[in-house]
Ligand SMILES: [Zn+2]
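Residue numbers (the working numbering): 9 to 497.
Below, the structure is given as structure tokens:
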């Protein structure tokens, strides 16, 4: 085994920069498990309302509270939406999928088993192409299956987290919510790509309207498996699992920290233990949660109360026909015209469709992207309300109309019946014959400031430029005003 350069460098603290920890000789191997709650009207196996935010334990019934004799009835909509996601991830849709019981005891699980899928999942063997600055990285999808969510344990502690809690309350409203679990292949080798994958997957499910995927409400959650191996090797070493991360940047930070920790252990001659770590962004250490269960610990067996799911070809074809061009493909396409950064901002900001319309209406692609990513976002306008033809006119005229007129027009661009024309008639005054008399008048009216400027107080230039802009109602070209004020002083 080679020794990394990191061993000769000073120790880095948590959130370590990989380059300091022997990145040249170690390759991180990262796999992700993502849970997405489907936003169906009702729960997975009963008719209780499926929704966040109700009074605790108000959305329950004998099925989701596991009363003896209550039988599950699967939610057709949830099955269709899982298939749709599977198709978006280029998975093979099973002709026959089976629900299994996953047995475990925990307070959030009243049946003492979860209805999940095991060796015959609904969707398998797909991929998601993740555009990055350096081209597209294809991440394999092992499977996407359907299951029911557990109840919500509310940990009573100052931090609201498991670690350090003194009591736990159970809210069964969430119990039985349809949940899709997506498992990736260990195809990811750095924290940034993991983060980008998660962001792109989130946007995909949101655009498919399957889920709100709100991280802060837990409707999208993810666990990360991390191991490291000597660079160039294809072995899979012991991995640890990071659980309960509720933001993409925490995930990236947690991954980097865990990679650095494992490298340190190996370089010190130690052994990485298989364990589940609870990531707490407030602390440098990730405390161990519990040792990781193996599949056999769950004693999976087919759910005797449900028949297999057998989606017909007609259904799969109908769902496939509803798919639009997905966000990853749109980033890649726009990055042919703009930089990757701009393409990413447009697509992840939900602005790319409007951008395409602006370009189709004759706006310059780069200029349109700048206006959308900056002034448009700052003005907080809903892209769906905008007449692209009118906005395109504004974008194209931006350099020729006064800044004040542009800002005013942009603020109104989402209003019904908005017309850019009155604003386009206001031209920037760049004509020195028109500006010089105004500038001279202002200089004459402020002799003290003019004298101070001439004796070296150059900051006063702004004072005069500001007066001129005010006098002209913002219509003067600031570049020309600057130049002429300087000359006339
Ligand atoms: Zn129920």
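Ideal Cβ placement from N, Cα and C applies to all residues, glycine included.
Practice prompt. Can you grab the Cα-Cα spacing for the pair residue 341 / residue 181, in whole Å?
Written response: Distance from the CA of residue 341 to the CA of residue 181, rounded to the nearest whole angstrom, comes to 42 Å.
Worksheet entry | Rounded straight-line distance, which links the Cα of residue 413 to that of residue 474 | 17 Å
Worksheet item: Got a sec, what are the start and stop residues for the alpha helix (DSSP H) residue 134 sits in?
Response: It is not in any alpha helix (DSSP H) - residue 134 instead sits in the beta strand (DSSP E) that spans 131–140.
Worksheet entry | C-alpha distance - residue 114 paired with residue 160, whole-angstrom precision | Their Cα atoms are separated by approximately 11 Å.
Discussion item. Given this structure, state the Cα-to-Cα distance separating residue 134 from residue 57, to the nearest angstrom.
Written reply: Using only the alpha carbons, I get a separation of about 32 Å.
Practice prompt. For the alpha helix (DSSP H) holding residue 162, just list the boundary residues, first then last.
Written response: Unbroken run through residue 162 is the beta strand (DSSP E), 160–164; no alpha helix (DSSP H).
Practice prompt. Just mark residue 453 as buried or exposed, buried being the case when its beta carbon has 16 or more other beta carbons within 10 Å.
Written response: exposed
Worksheet item: Helix, strand or coil: which one does DSSP assign to residue 486?
Response: helix
Item to complete: Please name the residue, chosen from 306, 487, 35 and 91, that lies closest to residue 110 on a Cα-to-Cα basis.
Response: 306
Discussion item. Considering only their Cβ atoms, is the gap separating residue 102 from residue 132 smaller than 8 Å?
Written reply: yes
Worksheet item: Anyone know if the C-beta pair for residue 202 and residue 334 falls short of 8 Å?
Response: no
Fill in: Beta-carbon contacts of residue 480 that lie in its chain and below 7 Å, excluding the five residues immediately before and after
437 and 446
Fill in: Close-in-space but distant-in-sequence residues of the same chain around residue 106 (CB under 6 Å, 5 per side omitted)
128, 310 and 316
Discussion item. Is residue 62 close to ligand 1? I mean its beta-carbon at under 7 Å from any heavy atom of the ligand.
Written reply: no
Fill in: Chain-ordered list of residues that sit, by beta carbon, closer than 6 Å to a heavy atom of ligand 1
51, 54, 56, 68, 69, 71, 72 and 184
Worksheet item: Roughly how many angstroms separate the alpha carbons of residue 320 and residue 326, rounded to a whole number?
Response: 10 Å
Fill in: Where residue 389 falls: helix, strand or coil (DSSP)
Reduced to three states, the DSSP call for residue 389 is coil.
Item to complete: For residue 401, count neighbouring C-beta atoms within 10 Å of its own C-beta (all shown protein chains included) and say buried if the count is 16 or more, exposed if not.
Response: buried
Item to complete: Take every Cβ of the stretch 115–124, pair it with every Cβ of the stretch 138–157, and state whether three or more of those distances are shorter than 8 Å.
Response: yes
Worksheet item: For residue 34, which residues does DSSP report across the bridge?
Response: 238
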